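Heads up: the sequence shown runs through residues 1 to 91, numbered per the UniProt record's numbering.
Structure, as structure tokens:
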Amino acid sequence: RLDIINKCFSKKTTEDILLSLENEAEIRGEKWIINAINAMKHASPTSLKICLKSIREGRSLTLEDCLRCDYTIFRHMTRGALTNDCLEVCI
Numbered sequence: 001r002l003d004i005i006n007k008c009f010s011k012k013t014t015e016d017i018l019l020s021l022e023n024e025a026e027i028r029g030e031k032w033i034i035n036a037i038n039a040m041k042h043a044s045p046t047s048l049k050i051c052l053k054s055i056r057e058g059r060s061l062t063l064e065d066c067l068r069c070d071y072t073i074f075r076h077m078t079r080g081a082l083t084n085d086c087l088e089v090c091i
């Protein structure tokens, strides 16, 4: 699994990640890949992009800074300050 995860999730954008997962699903048809695709398709597109950026930028941060950033992102998302589609998916 790890090779597929690395291959798919190393893509630059969430759209490319999803496309890569869909290609793998066609080739392998494994349930966990299909579940990942479905989860991404039902998630907020904005939320996916924010999370991807946060994960990638968080690699170079301390734990304290990561937690601070995550909390700030969460606050903005739940207040609708970034976008409303994040809340719509949860409701």
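Ideal Cβ placement from N, Cα and C applies to all residues, glycine included.
Quick caveat: nothing in here was measured; it's all calculated off a predicted structure.
Using a 10 angstroms sphere on the CB of residue 24, the tally of other CB atoms reaches 16 or more, which defines it as buried. Put simply, the backbone Cα of residue 31 is about 15 Å away from that of residue 8. In the three-state reduction of the DSSP assignment, residue 30 falls in the coil class.
In this structure, residue 61 keeps its C-beta atom at 7 Å or more from the C-beta atom of residue 37.
DSSP, read as helix, strand or coil, puts residue 13 in coil.
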